[in-house]
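From first to last, the protein sequence lines are chains A and B. Sequential numbering from 1 applies to the first sequence in this note's numbering. Sequential numbering from 295 applies to the second sequence in this note's numbering. Just so it is clear, CB atoms sit at the ideal spot from N, CA and C, and this is done for glycine as well. The structure appears below as structure tokens.
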Amino acid sequence: MPSLKDLRNRIASVKATQKITKAMQMVAAAKLRRAQEAAEAARPYSERMGSVLANITQAVGGGGDAPALMTGTGKDDVHLLVVCTAERGLCGGFNSQIARHARDHIRRLLADGKQVKIICVGKKGFDILRRDYASMIIDRVDLREVKTLGFVNADAIARKVIHLFNEGAFDVCTLFYSQFKSVISQIPTAQQIIPAGLASTPAAATDGGNAVYEYEPEPGEILSDLIPRNIAVQVFRALLENAAGEMGAKMSAMDNATRNAGEMINKLSITYNRQRQAQITKELIEIISGAEAL
Amino acid sequence: MAEAFKFELVSPERLLVSAEVESVVIPGAEGEMTVMAHHAPVMTTIKPGVVTVKSASGSEERYVVFGGFADIVPAGCTLLAESAVAVKDLDRADLARRIQEAREDANDAKDDQVRSKAEQFLSQLTTLEGAILPA
């Protein structure tokens, strides 16, 4: 049985922990709002991009002059996985969910006899995947120093991927991230970005509709300019969704932790009070029996 | 007074402008062009330059854009810029850095095609710097 002093210390330490988790939860909530705003602000761009892309591919008609980034290499042997996770832990199952999703995918690919290469964005995913697939990780991107995600960060990643593609280092590129559905629900998602599956861009019913466009310069040229940019946009969106998801997950994880700490404090206080009461009773009995003996 | 139309300037980070405007001057890849209401549908890439927006109320705003493309339909015009800032908010150090990077790219280029592309980009940037300096 722990002594009263032990119990007091224990309660104090749990209270301190609760204060920390509470503070972390509030920080996460504030950051979540900002991340959500950023994700929302980025939405018009990617939507427009999708509709313009759909428009222009219609014009090019998927003909022979469509760039390789869109049609692919025609092979399906080497897969590149870009796994985006958070830089920090303490956010529940957020990182392991993405990693598990990626790992399932890797296993499937390996079973089919494909070659797999991995680029890790974020430290946590790297830590998890390193255990099993260290030899396949060809690169990692560290965003720990980045305070606010900018398009430049996404652009750098996209450029890296496109560079590898041009060197013929892989045939298919898939992006792994966590889709932000709500504060308590993030869905790990795999999205193929090269070759650009046009199914991923929603069928565009733009206000331009069936208008006959003039292109300046030629559609093919615009397209070859547009597709790398579209990849950067997709990466950017994934990063933003991830950022929002991470904060959401962290918020609910910290909320849980705070609540657990509260429960623990309650339990400990009851034990503490009982023991104190028992001691008082014991002392009283001693005094009374002492007095009676006289 | 010319008729107003809808103009949107969007960068990946945010929506900069969404307003009824009278005319917009766009630095198209094959020359500057002024877009007014009921413009024929055009899609064009844009080079680094200054976008001048003349709003319906008559005031004029200028934005610096670094590449992107424009989607013009009779009902409106959408400009998707890789990055865009209002001229008055432009960070000159940032521009200088971009020029420096472009210069290095041009010097590092391995084959002629890449080099001419990098040099073209560099000259566009320096023109841009010249254009906004007095502002």
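Query                                                                                                                                                                                 : Result
Of all Cβ atoms in chain A, is any one closer than 9 Å to the Cβ of B:SER410?                                                                                                         : no
Buried or exposed: B:MET337, going by 16 or more other Cβ atoms within 10 Å of its Cβ?                                                                                                : buried
At least one CB of chain B closer than 9 Å to the CB of A:PRO44: is that the case?                                                                                                    : yes
Report yes if the C-beta distance between B:GLY370 and B:PHE415 is below 9 Å; otherwise report no.                                                                                    : no
Counting contacts by CB-CB distance shorter than 9 Å, is B:ALA429 in contact with chain A?                                                                                            : Here B:ALA429 scores only 49 on pLDDT, less than 50, and its place in the model should not be relied on; the value that follows carries that caveat. Answer no: the Cβ-Cβ gap between B:ALA429 and chain A never drops below 9 Å.
If you count every other CB in all the chains shown that lies within 10 Å of the CB of A:ASP76, and 16 or more means buried, which is it?                                             : exposed
Is the CB of B:LEU309 under 9 Å away from at least one CB in chain A?                                                                                                                 : yes
Taking contact to mean 3 or more Cβ pairs, one atom from each stretch, closer than 8 Å, check whether the stretch 242–256 of chain A and the stretch 87–95 of chain A are in contact. : yes
Flag this pair as yes or no: are the beta carbons of B:PHE363 and B:ALA378 separated by less than 9 Å?                                                                                : no
So, are the CB atoms of A:GLN25 and A:MET254 less than 9 Å apart?                                                                                                                     : yes
Would you grab the beta carbon distance between A:GLU87 and A:LYS124 for me? Rounded to a whole angstrom, and I think it's under 8 Å.                                                 : 7 Å
Would you check if the distance between the CB atom of A:HIS79 and the CB atom of A:VAL172 is smaller than 9 Å?                                                                       : yes
Contact check, A:TYR177 vs A:ALA238 under 8 Å by CB: the rounded distance?                                                                                                            : 4 Å
Buried or exposed: where does A:ARG103 fall if 16 or more other Cβ atoms within 10 Å of its Cβ makes it buried?                                                                       : buried
What three-state label does DSSP hand A:THR73 in the structure shown?                                                                                                                 : coil
Once the 5 residues before and after A:ALA261 are set aside, which same chain residues still bring their CB inside 6 Å of it?                                                         : VAL14, THR17, GLN18
Going by beta-carbon coordinates alone, are B:VAL345 and B:LEU309 separated by less than 9 Å?                                                                                         : no
Starting from B:ALA323, follow the alpha helix (DSSP H) in both directions and report where the run begins and ends.                                                                  : Run containing B:ALA323: none; DSSP gives neither H nor E here.
Against chain A, which members of the stretch 382–404 of chain B pass a CB distance test of less than 7 Å?                                                                            : none
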